[in-house]
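For reference, the structure discussed in these notes is given below.
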Amino acid sequence: MTRTGELVMSAAAAGLAAFGVTLVNLAGGGTIDAQVGITFLVVLLALGSVHVAVRQWCPGASPHLLPLVGLLAAIGFIEIYRLDRYRAGLQRWWLLIAAATAVGFLFWVRRRGLATLRRYRYIFLLASSVLLMLPLLPSTGPLPLHGLEMNGSRLWVTLDVGFTVLHFQPGELAKLVFIAFLASYLAERQTGLAAKKLSGLVEPRLLLPLVLVWLGSVIVLVVQRDLGASLLLFAAFVAVLYAATGRAAYLGVGGLLFGGGAVMSWVMFDHVQRRVEAWLRPFQVYDDAGFQISQGLFALGTGSLSGSGPGLGRPYLIPNATTDFMFAAVGEEFGLAGSVAVLAAFALLAAVGFGIALRARERYRKLLAGGLAFVIGLQAMLIIGGVLRVLPLTGITLPFMSYGGSSLLGNMLGVAVLLRISHEERT
Amino acid sequence: MNGPLRRLGYVVVASFAVLVLAVSYVQVLAADRFRDDPRNERVAIARTGKERGVIVAADGVVLAESVAAAEERQVFDRLYPGGPPFAHLVGYTSRLFGDTGLESSYADLLRSRRDLTISDLLTALTGGDLRPHRLELTLSSDLQQVVYQALGGQQGAVVALEPRTGAVLALVSSPSFDPAALTGANAAASWEALLADPAAPLSNRATNELYAPASTFKLVVAAAGLDGSIASPDTEYPDEAELDLPGSSVVIRNFSGEPCEDGQTVSLQVAMVQSCNTVFAALAMQLGADVLGTAAEAAGFNRQYELGVPVATSVFPLDELRNDQAALGQSGIGERSVRATTIQMALVAAAIANQGVAMAPFVVRSVVDADGVVVESTEARPLDRAMSPATALLIGQMMERVVTEGTGRRGAIPGVRVAGKTGTTESESRAPDVWFVAFAPVEDPVIALAVFVEEGGEAGESATGGTVAAPIAAEIIAHYLDN
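Shown next as structure tokens:
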């Protein structure tokens, strides 16, 4: 696909979003109103501005990323619009802000490239730790910044900017910053970590970072009660470590640590037990923990092959349909056709990301691209697997599709990094 | 480093392949199970939660409407402000128990066309209107209320027609129920209670249940006799208290157990006024099954006709009666195996009132779209000629005498010429079902009706058409003519 192809496909995504809004309007008894035009223009403006930035500052970048992101964002937006008009209005702003951030990033690294980032790696480590811990701020106090607990997880911070209160999930950015640190750290320490002692195991000293990160994710799990973010961080770390060293032993040890942590948290935490119960027997605990998963399955089953059509299903019956259960809402209204399209788009996105990593000529960029591709793919997989009852449910957002500014902004920034990396291999 | 990266990439892409299998299982193989799970409200909401058109009576009173329960979610509650008097005709649309009445038969026109089928979509894109249609009925909501009150909860039915057009003015089955109870939260419990109720409030006694028409069927017998010039109002018949039917042990007796007049002879006219069973049994046998059957069918028996809601077919069993004189004699007084719906007997009265032409009954005057443009309207059309105009006139005169000096005196209304005919079934095992069919005013009939009360109503064993059904008819007619 050419650069122009990228623009055409992005415009097609904007058209898709606008057409979806039209259908939702008609289904709801409305007419073709200003929402249709606004949606088209906003999506076009968001994707178009990134497209122009790419043309300007990294013309060699892969043209495949933006259309995929556009497709996912468009389908997600249709469902958000269908479920919650107010949130849809906000999501359009977030889309613009996320695009502006991506453009800003591409501008920042336009001359010296991603090498710029390597300089800040310890700042990144610190930043990711701080970001992760931000929600632990007291919920009240004189500061404008507060922690917030929602649905049993402490993932949020609120920022009082005077006229309104912004909600933000710093974890969504933390994972990105953490991967940026990891890539540069491991790019330089590959030899030690990959070296074998005679026994065939790495030196215990070198296992230290592994254990530290594991402890960090356990803290996230315990303190913030956030299964998803904890698992995502740890898995991303193990994957990047494996990519950097090629040592399958890390996967094994990581798996053991993960298994141990999982069993431990199951024993210790009531809310983890409830999640497992809801995963194994959602219909038996329908009135309790199983309600959301059951409703998701009802939605998907009712949607069946062709779906009800946008605006004609009942996805509002599913709790958190605009966020965690976005996939079930799409499956209900777009049918199997829609849900497979979403899965295919995520698989392609991850594949393009890994392709960029494989073609990268330098270790740092390889690890960064691979880590980002992995984490975006894994996040989609975890939440979709949870909705489909393949995995226990972890409360994380579906990248690009769920309502929420932090998620959109973080993932958009990740894509901007991938765009830049793919450009640097062409020059 | 490319090896591990490639393997990671493969694992991620392969995981999505697994998810494709999983989602195919959920949305295809197991889809029916999830969709039909009783805890899944989706199918039920899709059927009953959508906006449907308004149903209004002729006087503009709303009988059924959809009200947004949750605006944003496009879920509507169906309300029935008319309540029980209208329940059988308007029907209901219930998640659990399906649709009935007009809600069922006009479902296609009442539905919101927002299912976004291809044609709906084209309509919308070309600026067409997707709002649901509205049904305008011929029913007078005021009269309907009066009828319901007049029946007073007794088991029975009343159907009132406009003789000239066939338009239904009132159609009530009693006892009734509140359709809201079948759509609300306790629907299942209400349904069980209605099913268990010995008074069978769910059965539609106006259009769906068949009863022996008793002496009201004598109108049809008389019409057959007069039309075929086999009899005139003045034709004299033996005035007997009892009549042995040939080839059987059945004996027909007059209601009083005595002759009608002097025990010598009695005219057809007087026999009608006094409702003499022996005379009409004899006349029926004289006419024969075919002549009587032709007259009955011309008046609507053995025919399917549509009202806007389904109507059970009234029965005159020709095949049986051709070979059984005794049965034919019993049929002549509306017993044995002759069966009629309440609306059928109203139709007989209406035909007599309309110079012998039975107009096809209808209840939906028009279907109107959201902008007020008529999409469909019902034209008055004759179902059949039941009898000649001359016969209709003569029978009308006899019926007037029934009210002024015969069995139907309690159907009289001061200052109004009412024509009527009583009917009372005979049974040893249960209280009589009683009838009164009538029209008024005789000189220019504007209303024809049939009143049916099952098992004598509150009067029980002692009930007759004249004592129980006729006063109800008088009340209804008086109210209608006053307004």
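Going down the list, the protein sequences come from chains C and G.
For the numbering used here, add 1 to where a residue sits in the first sequence, where the first one is 1.
For the numbering used here, add 538 to where a residue sits in the second sequence, where the first one is 1.
Every residue gets a Cβ at the ideal spot worked out from N, C-alpha and C, and that includes glycine.
Around the beta carbon of asparagine 578 of chain G, 16 or more other beta carbons lie within 10 angstroms, which makes this residue buried.
Secondary structure of methionine 2 of chain C (DSSP, three-state): coil. Chain C places a beta carbon closer than 7 angstroms to that of alanine 569 of chain G, counting this residue as a contact.
Cβ-Cβ distances below 8 angstroms link aspartate 637 of chain G to Gly629, Tyr630, Thr631, Ala645 in the same chain, with the five nearest sequence neighbours on each side left out; the list follows chain order. Of all alpha-carbon atoms in G:Phe715, G:Pro701, G:Asp680, G:Glu999, the one lying nearest the alpha-carbon of alanine 898 of chain G is that of G:Pro701.
The three-state reading of DSSP puts aspartate 857 of chain G in helix, counting H, G and I together. Here the alpha carbon of arginine 276 of chain C sits roughly 11 angstroms from the alpha carbon of valine 286 of chain C.
In the three-state reduction of the DSSP assignment, threonine 962 of chain G falls in the strand class, which pools E and B. Between glycine 867 of chain G and arginine 743 of chain G, the alpha-carbon positions lie close to 27 angstroms from each other. By the CB criterion at 7 angstroms, glutamate 334 of chain C and glycine 302 of chain C fall outside the cutoff.
Linking alanine 698 of chain G to alanine 865 of chain G through their CA atoms gives a straight-line distance of about 31 angstroms.
DSSP, reduced to helix, strand and coil, places phenylalanine 169 of chain C within a strand of the structure shown. Contact check for glutamine 380 of chain C against proline 393 of chain C fails: the beta carbons are separated by 7 angstroms or more.
By the neighbour-count definition (other C-beta atoms within 10 Å, threshold 16), proline 619 of chain G is an exposed residue.
The beta strand (DSSP E) runs lying completely inside the segment 793-820 of chain G and spanning 3 residues or more are 803-805, given in chain order.
The three-state secondary structure of tyrosine 1018 of chain G, taken from DSSP, is helix. In the DSSP assignment, phenylalanine 235 of chain C falls within the unbroken alpha helix (DSSP H) covering 228-246.
Using a CB distance cut-off of 7 angstroms, isoleucine 79 of chain C does not count as an interface residue toward chain G.
Cα atoms of proline 920 of chain G and arginine 573 of chain G: separation of roughly 48 angstroms, rounded to the nearest angstrom. In this structure glycine 354 of chain C touches isoleucine 377 of chain C by the C-beta definition: roughly 7 angstroms separates them, less than 8 angstroms.
Asparagine 578 of chain G has a beta carbon lying within less than 7 angstroms of a beta carbon in chain C. Not a single C-beta of chain C is nearer than 7 angstroms to the C-beta of phenylalanine 614 of chain G. Here phenylalanine 977 of chain G is bridged, per DSSP, to G:Ala957, G:Ala986.
Arginine 573 of chain G belongs to the set of residues whose beta carbon lies under 7 angstroms from a beta carbon in chain C. With fewer than 16 neighbouring CB atoms inside 10 Å of its own CB, aspartate 857 of chain G falls in the exposed class. If you compare the alpha carbons of C:Arg119, C:Gly29, C:Met10, C:Leu298 with that of leucine 337 of chain C, the shortest gap goes to C:Leu298. At least one CB atom of chain G sits nearer than 7 angstroms to the CB of methionine 382 of chain C. Following the DSSP letters along the chain, one finds aspartate 615 of chain G inside the beta strand (DSSP E) bounded by residues 613-617.
Put simply, the backbone Cα of threonine 942 of chain G is about 21 angstroms away from that of glutamine 893 of chain G.
Note: alanine 878 of chain G is bridge-paired with G:Tyr749 in the DSSP secondary-structure output. The three-state reading of DSSP puts glycine 785 of chain G in coil, since its state is none of H, G, I, E or B. Closest option to valine 696 of chain G, judged by alpha-carbon separation, among G:Glu996, G:Ser643, G:Thr880: G:Thr880. Beta bridge pairing from DSSP links phenylalanine 900 of chain G with G:Ala705. Sorting C:Pro145, C:Gln293, C:Gly30, C:Ile220 by C-alpha distance to the C-alpha of phenylalanine 164 of chain C places C:Pro145 at the top.
Interface annotation, arginine 315 of chain C: in contact with chain G, CB-CB separation under 7 angstroms. If you draw a straight line from the Cα of aspartate 597 of chain G to the Cα of asparagine 724 of chain G, it is about 32 angstroms long.
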